[in-house]
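See below for the structure under consideration.
In my numbering, the protein residues as written are 49 to 110.
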């Protein structure tokens, strides 16, 4: 039981980080949509699929 509290805190921090990253990436996508260069749309799309999973994995590993 003593190990579940730190694991829960780390996992909760990872989920919070994933939520904040999704908000940031939504904001970046809005700004990327205003530019003429299409490369930023590709970068934001790639980050959108990868970043939340990285945050949750980092929280679980922490």
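Each residue gets a CB set at the ideal place from its N, CA and C atoms; glycine is no exception.
Could you pull out every residue in the same chain whose Cβ sits closer than 6 angstroms to the Cβ of residue 77, ignoring the five residues on either side in sequence?
92
Taking a contact to mean a Cβ-Cβ separation below 7 angstroms, would you say residue 108 touches residue 59 in this structure?
yes
If contacts are defined as beta-carbon pairs under 8 angstroms, then residue 106 and residue 62 qualify, I think. What distance do you get, rounded to the angstrom?
6 angstroms
Residue 78 by DSSP, collapsed to three states: which one?
helix
Assuming residue 105 is part of the alpha helix (DSSP H), what are its boundary residues?
87-109
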